[in-house]
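Protein sequences, first through last, are from chains A and B.
Numbering-wise (this note's numbering), the first sequence opens with residue 31 and increments by one.
Numbering-wise (this note's numbering), the second sequence opens with residue 31 and increments by one.
Glycine included, every Cβ here is placed at the ideal spot set by N, Cα and C.
Owing to the predicted nature of the structure, the values given are computational and were not obtained by experimental measurement.
Only one structure is covered here, and it is reproduced in the block below.
There are 2 protein chains.
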Amino acid sequence: MASQRGEGETTTTPLEPADRERARAIPEAAVARLAVYLRVLSGMADQGVNAVSSEELSQAAGVNAAKLRKDLSYIGSYGTRGVGYDVEVLVSHIERILGLTRNHSVAVVGIGNLGHALANYGGFPGRGFPVTALFDVDADLIGVPVGGIPVNHIDEITAICLEREVSIGVIATPPPAAQSVCDRLVSAGVQCILNFAPVVLQVPDNVEVRKVDLAVEMQILSFHVARRADEAASVSVDNNGLGVDGMVIRP
Amino acid sequence: MASQRGEGETTTTPLEPADRERARAIPEAAVARLAVYLRVLSGMADQGVNAVSSEELSQAAGVNAAKLRKDLSYIGSYGTRGVGYDVEVLVSHIERILGLTRNHSVAVVGIGNLGHALANYGGFPGRGFPVTALFDVDADLIGVPVGGIPVNHIDEITAICLEREVSIGVIATPPPAAQSVCDRLVSAGVQCILNFAPVVLQVPDNVEVRKVDLAVEMQILSFHVARRADEAASVSVDNNGLGVDGMVIRP
DNA sequence: CCGACTTTGTGCATCCGTTCACAAGCGGTA
DNA sequence: TACCGCTTGTGAACGGATGCACAAAGTCGG
């Protein structure tokens with residue numbers, strides 16, 4: 031409502047009071063989708079697309095059109111009725127809300143298979159997330175550069191994180207080490223953590239943790255496999271014997 | 031209600047009708063949590079713990095006790111009032127509901143940094159998910175064993191997935207290849223896909239996709255960093271100048 | 001055998017997120 | 001300028017998940 035069209039300020043980096051209040055109210059689920067919209071929109075911009083309707087964008091993002099509009103409405107009214115959205119404008123506004131106008135320095139702890147992979151992503155997909163520090167306990171790894179960054183010993187976390195202003199810590203250690211690493215990151219002032227270790231981390235209220243848990247993902251899929259298998263079984267009992275061989279298409 | 035205590039059948043592998051009906055009704059969010067409870071319980075079992083109350087378990091899993099009980103009630107009534115839950119019993123029932131009594135053969139497509147890491151996990155954390163096939167397009171990789179499995183060319187997906195009865199496909203390719211790989215997996219009869227590529231996959235209704243999107247995770251964290259920074263800024267305007275240097279603890 | 005105590009299982013109220021449906025607003029056209 | 005068709009933005013209905021609070025059901029000690 032307020033500042034609906036503020037003359038020429040397109041990419042004001044610090045959030046204005048109105049926006050700040052809005053940001054507080056955006057549901058987490060919507061934030062996740064905004065990130066997806068952003069990627070789709072960036073792709074469109076690269077292909078020279080200028081305008082897009084909620085219908086088109088929602089299909090490309092794999093969501094309901096109404097949901098998309100509501101999500102966008104959380105960040106303000108930047109569409110034009112009867113026309114759609116300007117791709118560039120939307121991109122810059124989503125970036126602003128997601129805080130992508132600043133760089134977020136990332137530290138990866140645990141340089142095993144996964145840690146290697148993460149470090150080598152180099153700046154992370156979609157950039158804006160430069161990896162500036164790597165940590166491990168293995169003496170053989172200390173000093174070895176991975177993805178251009180030398181590995182430091184885990185005991186140096188506090189000093190280095192403060193020095194390099196790390197704002198996001200990524201935990202890719204074995205499970206037993208995760209909580210202790212987490213504690214050290216927290217005491218180094220890191221308030222956002224991405225946890226790949228299959229462990230439930232205990233953190234103070236002012237720290238945000240997101241987890242990526244492969245085992246859980248696999249088990250959820252397993253649940254669905256089992257459910258399908260059971261349904262198929264119960265069907266092949268109901269109508270005797272049909273739908274057993276090879277391709278079973280269920281519309 | 032029915033079969034509350036069914037004599038001695040502790041680990042019947044095929045689901046009974048009552049359970050099947052239940053499984054259909056379990057909310058997705060609860061399934062994810064069940065997987066977490068399972069891990070915590072397994073850890074307890076390893077440490078020789080026999081019984082556990084909803085209070086203890088919920089704390090270890092980082093959730094509300096009432097929610098935990100409700101989640102467990104979805105799979106049946108296996109607790110003892112006044113006492114708690116038998117760890118072993120709970121483990122076996124959760125495993126059964128999640129379909130972990132069978133093995134689920136996994137294929138990984140895209141043997142880059144991430145694919146390597148995934149293949150080397152070897153059977154995946156929590157086992158029951160043997161990786162039985164690897165695919166890539168890179169001629170230099172074909173035939174090279176990674177984590178004990180030789181890499182096959184991507185064109186062989188259909189034949190090999192059918193032959194090895196792959197039930198879960200993992201996509202770890204670059205974004206442009208993801209949809210095409212997905213299509214091939216689907217036509218090979220794979221109905222569950224774990225997608226690491228930052229792409230929205232289009233699949234038929236009978237295929238289940240779960241995505242792990244690093245960029246999105248990072249951006250969600252970025253959003254929270256920005257929100258915090260803004261709040262801090264607005265606070266340091268309110269009370270002039272306090273809480274700027276070093277450690278800021280907010281209870 | 002009984003009564004006190006503990007913990008589960010669940011009905012119910014609440015909250016958050018999704019979906020629907022439509023008025024408001026804008027561009028194009030005559 | 002006035003009308004028409006299209007698309008946004010959002011109020012309101014809906015549905016699912018969360019949390020509370022308590023009855024039911026079990027154990028343990030006497």
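If you check each beta-carbon in the segment 172 to 193 of chain A against every beta-carbon of chain B, the ones closer than 9 Å belong to Leu192. Contact between the segment 175 to 191 of chain B and the segment 156 to 167 of chain B is present: 3 or more CB-CB pairs across the two stretches fall below 8 Å.
The beta-carbon distance between B:Val200 and B:Val216, rounded to whole angstroms, is 14 Å. This is too long to meet the 8 Å contact definition. With respect to chain A, the C-beta atom of B:Asn150 has a partner C-beta closer than 8 Å. Of all residues in the segment 69 to 95 of chain A, only Arg69, Val70, Ala90, Ala91 and Gly92 place a beta-carbon less than 8 Å from a beta-carbon of chain B. About 6 Å separates the Cβ atoms of A:Ala62 and B:Ile250, confirming a contact at the 8 Å cut-off. With a cutoff of 8 Å on beta-carbon distance, B:Pro228 and B:Asp213 are scored as not near each other. DSSP, read as helix, strand or coil, puts B:Asp76 in helix.
Of the residues assessed, B:Asp170 falls on the exposed side of the cut-off, its CB having fewer than 16 other CB atoms within 10 angstroms.
The Cβ of A:His123 sits no closer than 8 Å to any Cβ of chain B. Of the residues assessed, A:Arg157 falls on the exposed side of the cut-off, its CB having fewer than 16 other CB atoms within 10 angstroms. Annotated three-state conformation of B:Glu238 is strand, per DSSP. Inter-segment contact for the segment 143 to 150 of chain B and the segment 139 to 146 of chain A is present: three or more beta-carbon pairs are separated by less than 8 Å. Boundaries of the alpha helix (DSSP H) harbouring A:Leu102: Ala95 to Ile105, taken from the DSSP string. One alpha carbon belongs to A:Ser210, the other to B:Val66, and they sit about 20 Å apart. Using a Cβ distance threshold of 8 Å, A:Ala95 and A:Ser88 count as a contacting pair. In this structure, A:Asp101 sits away from A:Leu68, with a CB-CB distance that is not shorter than 8 Å. With fewer than 16 neighbouring CB atoms inside 10 Å of its own CB, B:Glu195 falls in the exposed class. Around the beta carbon of B:Ala256, 16 or more other beta carbons lie within 10 angstroms, which makes this residue buried.
Contact of B:Arg258 with chain A by beta-carbon distance below 7 Å involves Gln221. Contact between A:Arg258 and B:Gln221 holds: CB atoms are separated by about 6 Å, below the 8 Å threshold. The alpha helix (DSSP H) runs lying completely inside the segment 172 to 250 of chain B and spanning 4 residues or more are 187 to 193 and 205 to 217, given in chain order. Apart from sequence neighbours up to five positions away, the residues of its chain that approach B:Ile172 with a beta-carbon distance below 6 Å are Val181 and His183, ordered along the chain. For B:Met248, the closest alpha carbon among the candidates A:Glu118, A:Leu128 and A:Val237 is that of A:Leu128. If you look at A:Ala169, you'll find it isn't in any alpha helix (DSSP H); DSSP assigns it neither H nor E. Cβ atoms of A:Glu118 and A:Ala75 come within 8 Å of each other, at about 6 Å. For A:Val82, the secondary structure class from DSSP, reduced to helix, strand or coil, is strand. Shortest Cα-Cα distance from A:Ala208 to any of A:Leu192, A:Ala218 and A:Ile223 involves A:Ile223. Residue contact with chain B for A:Glu195: absent (no Cβ-Cβ distance below 8 Å to any residue of chain B). For A:Glu86, the closest C-alpha among the options A:Tyr115, A:Thr110, A:Tyr108 and A:Ala60 is that of A:Tyr115.
DSSP, read as helix, strand or coil, puts A:Val113 in coil. Annotated as distal: B:Leu130 and B:Leu71, with beta-carbon spacing of 8 Å or more.
Of all residues in the segment 237 to 259 of chain B, the ones placed with a Cβ closer than 7 Å to any Cβ belonging to chain A are Glu238, Arg240, Val242, Leu244, Ala245, Val246, Glu247, Met248, Gln249, Ile250, Leu251, Ser252, Phe253, His254, Val255, Ala256, Arg257 and Arg258, in chain order. Rounded to the nearest whole angstrom, the C-alpha separation of A:Thr188 and A:Ala137 is 11 Å.
Contact check for A:Val246 and A:Thr203: beta-carbon distance about 18 Å, past the 8 Å limit, so the pair fails to qualify.
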